[in-house]
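Chemist:
Protein chains: 2
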Amino acid sequence: MVVGAGRLGGALALALSAKRWPVRVWARSEEARRRVRDWGLGLATEKDIASARVCLLCVPDKAVSPAAEEWKPRLARGAALVHCAGALSLEALGAPRGRVLGSFHPLVAVSDARDSLAGNSVALSTRSRWLREVLERMAKDVGLHALRVKERQRAAYHAGAVLSAGGVVAALSAAVEALRVAGISEEEALAALLPLTRSALRGVEARGLAAGYTGPIARGDAEVVAAHLAALPPDAAAVYRPLSLRGLSLVGHRLPAEALARLKTILD
Amino acid sequence: MVVGAGRLGGALALALSAKRWPVRVWARSEEARRRVRDWGLGLATEKDIASARVCLLCVPDKAVSPAAEEWKPRLARGAALVHCAGALSLEALGAPRGRVLGSFHPLVAVSDARDSLAGNSVALSTRSRWLREVLERMAKDVGLHALRVKERQRAAYHAGAVLSAGGVVAALSAAVEALRVAGISEEEALAALLPLTRSALRGVEARGLAAGYTGPIARGDAEVVAAHLAALPPDAAAVYRPLSLRGLSLVGHRLPAEALARLKTILD
């Protein structure tokens, strides 16, 4: 059973239902209930709730703990309670008191419930072997690659997800700031830079991080790096510097010792 | 005339030729000359060189200055000399001595000469009105959006281009490092994170930087940010921290004052 008829709840419910999983969706508001009917899915009745084997909470992070408290008494004894929030540990579901708990966090920005989830990954976490097998089967059926994430490593995992989305946007915003200094508007800068960023990502996809990393650091060109730092406003330089050091850790081993030393001096 | 039959030289020559510009390509090695013939383009003869109006140097950055010295005496008096290197000022072409100089730097990673340049941007720089008009017409004909970059702003412009390509790859490598700490291999991490990064870029394309920036900073969730910093290894935290501060400058104005102050304390 899926609780919540938002974009993620809808996408999971549709994908599982298409693979003949017996899905029912619980939605509170009349608007959400109408969405569920529009998707051609069944709304959860009291009987469905009492007989559900797995209850997937697809609600905003802040609603997970209250929803867990609300749902625990309504579910059958053996039913598992699972949240879909990347940032939250299993503790967000409250004390287990004999109930099997888990987390199922698809690494995907769902912009419409009808979007396909296939080709993305999902982070799974649970202490129950039975639930892990169920969640892995779910993942496989909807085309998600399952990653097992241990509870004590969840924060690092989630920080990585955040770095790859918001973090990349922040790096891009420093790039746009640099172009603003050169008299180019945000709109023109994004139109110019987004294709570059995308081609860099294709390079990483094809050749990995170290070989896909390009630019003056990769060429060991300390003069260009020094000119960049001199030209950037402080807030963009504050991003350029650590990202360059990070790049240096990717490619430093293949640079001549002298270039490596000069770059370190400039960047430190 | 295009000097150099590498990927960029080939792509420009093919695109200009398709729009009926009278293009000839000069290539030194027999292998490069064969490539030019394979593309169906004409090789430059001595007569072509003497009658060329614009000479585009499509050579590696380090070869620009020697190539300029080599070509200046061979070209007609009124012919313009133009390089295609983003990092280099016009000074890389040496003293003008009456010759019109310029730079034409397409913001695009060309992986094959037959790739289309259309939809990307190009940074133009020249002190000559005549040459600027020619370069703008070239840009328009091959589908490149022309950005005018002043010489004294070139380093900032180029730093932005580098941030949007290598810088983004460096941010992604910190994300992969975070997932490594969570027991996930580089290969699995990239497969999981690249779709997230791409969807974040689509968000920026559709809604701009500030609205396309997502994650705990955008939600004002200081607790999650503190947990991330505690969980990350120092080298990944050294990237996470400045990128988060940069994100905060994008969205801080829409956060409650208390959340903003807490985030600043954690990140500073």
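Chains as they are written, first to last, in full-length UniProt numbering: chain A, 1 to 268; chain B, 1 to 268. We treat Cβ as the ideally placed atom computed from N, Cα and C, and that holds for glycine.
Is there contact between the region 219-237 of chain B and the region 129-136 of chain A, where contact requires at least three CB pairs shorter than 8 Å?
Modeler: The region 219-237 of chain B, when compared against the region 129-136 of chain A, does not touch it at the 8 Å Cβ threshold.
Chemist: Assuming the contact rule is C-beta atoms closer than 8 Å, A118 of chain B and G86 of chain B should be a hit. Round their C-beta distance to whole Å, please.
Modeler: The pair is not a contact, with the Cβ atoms about 19 Å apart (cut-off 8 Å).
Chemist: Could you name the residues of chain B that G212 of chain A contacts, counting a contact when the two beta carbons are closer than 8 Å?
Modeler: Near G212 of chain A (Cβ distances below 8 Å), the residues of chain B are V169.
Chemist: Can you give me the C-alpha to C-alpha distance between A156 of chain B and V36 of chain A, rounded to a whole angstrom?
Modeler: 51 Å
Chemist: When the cut-off is 9 Å and only beta carbons count, does D221 of chain B lie next to chain A?
Modeler: yes
Chemist: Going by Cα to Cα distance, which pick from B:A80, B:V108 and B:D61 is closest to A92 of chain B?
Modeler: B:D61
Chemist: Taking V2 of chain B as the reference, give the member of B:P106, B:C55 and B:R34 with the closest Cα.
Modeler: B:C55
Chemist: Let's test the definition: count the other Cβ atoms within 10 Å of the Cβ of H105 of chain B and tell me whether it reaches 16, buried, or not, exposed.
Modeler: buried
Chemist: For E30 of chain B, is the classification buried or exposed, using 16 other Cβ atoms within 10 angstroms of its Cβ as the cut-off for buried?
Modeler: exposed
Chemist: Interface residues of chain A around L209 of chain B at Cβ under 8 Å?
Modeler: V169, L172, S173, V176, E186 and L190
Chemist: What is the DSSP secondary structure of V122 of chain B, counted as helix, strand or coil?
Modeler: strand
Chemist: Is there a Cβ of chain A sitting closer than 9 Å to that of I217 of chain B, yes or no?
Modeler: So, interface residue.
Chemist: Measuring only the C-alpha atoms, how far is D115 of chain B from L43 of chain B?
Modeler: 20 Å
Chemist: Report buried or exposed for S111 of chain B, applying the criterion of at least 16 other Cβ atoms within 10 angstroms of its Cβ.
Modeler: exposed
Chemist: Is it a yes or a no for the region 144-152 of chain A touching the region 178-196 of chain B, going by three-plus beta-carbon pairs under 8 Å?
Modeler: Yes, the region 144-152 of chain A is in contact with the region 178-196 of chain B.
Chemist: Touching or not, the region 250-257 of chain A and the region 208-218 of chain A, by the rule of three or more beta carbon pairs under 8 Å?
Modeler: yes
Chemist: Given a cut-off of 9 Å on the beta-carbon distance, is the pair T126 of chain A and V82 of chain A in contact?
Modeler: The answer is yes: Cβ separation under 9 Å.
Chemist: From L267 of chain A to Y240 of chain A, what distance separates their C-alpha atoms?
Modeler: 9 Å
Chemist: So what does DSSP say about G42 of chain B, is it helix, strand or coil?
Modeler: Residue state, collapsed to three classes: strand.
Chemist: List the DSSP bridge partners of H83 of chain B.
Modeler: B:L57 and B:S103
Chemist: By DSSP's criteria, L147 of chain A is part of a beta bridge. Which residues make up the other side?
Modeler: A:A123
Chemist: Find the nearest neighbour of residue 328 of chain A within the set B:L75, B:W71, B:E188 and B:L101, judged by alpha-carbon distance.
Modeler: Examination of residue 328 of chain A is not possible in this model, given that chain A is present from 1 through 268 alone.
Chemist: Should the region 158-171 of chain B be called in touch with the region 228-246 of chain A, which here means at least 3 C-beta pairs below 8 Å?
Modeler: yes
Chemist: With 9 Å set as the bound, which would you pick, yes or no: does the beta-carbon of residue 302 of chain B sit closer than that to a beta-carbon of chain A?
Modeler: Because chain B in this structure spans residues 1 to 268, residue 302 of chain B falls outside the shown range and cannot be described.
Chemist: Quick one: which chain A residues come within Cβ less than 8 Å of T197 of chain B?
Modeler: S164, A165, V168 and L201
Chemist: Taking just the CA atoms, how far does L163 of chain B sit from L245 of chain A?
Modeler: 12 Å
Chemist: Just confirm the distance between the C-beta atoms of A67 of chain A and L75 of chain A, as a whole number of angstroms; I'd bet it's less than 8 Å.
Modeler: About 12 Å; that fails the 8 Å criterion.
Chemist: Only counting the same chain, and skipping five residues up and downstream in sequence, which positions put a Cβ closer than 8 Å to that of A50 of chain B?
Modeler: R74, L75 and A76
Chemist: From N120 of chain B to L263 of chain B, what distance separates their C-alpha atoms?
Modeler: Distance between the alpha carbons of N120 of chain B and L263 of chain B is about 37 Å.
Chemist: Look at the alpha carbon of E151 of chain B and the alpha carbon of S103 of chain A, and state the distance between them as a whole number of angstroms.
Modeler: 54 Å
Chemist: Could you pull the start and end residues of the alpha helix (DSSP H) that V162 of chain A belongs to?
Modeler: R154 to V162
Chemist: Can you list the residues of chain B that V224 of chain A reaches, using a CB-CB cut of under 7 Å?
Modeler: A87
Chemist: Write down the C-beta distance between S209 of chain A and V181 of chain B rounded to the nearest angstrom, noting that I regard them as a contact closer than 8 Å.
Modeler: At residue 209 of chain A the sequence reads Leu, which differs from the Ser that was named. The Cβ separation is near 16 Å, so there is no contact.
Chemist: Between the alpha carbons of E69 of chain B and R33 of chain B, how many angstroms are there, rounded?
Modeler: Distance between the alpha carbons of E69 of chain B and R33 of chain B: 22 Å.
Chemist: Going by beta carbon distance, what residues of the same chain come within less than 7 Å of Y213 of chain B, once the five residues before and after it are set aside?
Modeler: G247, L250 and V251
Chemist: Applying the 10 Å Cβ sphere with the 16-neighbour rule, what's the burial state of A95 of chain B?
Modeler: exposed
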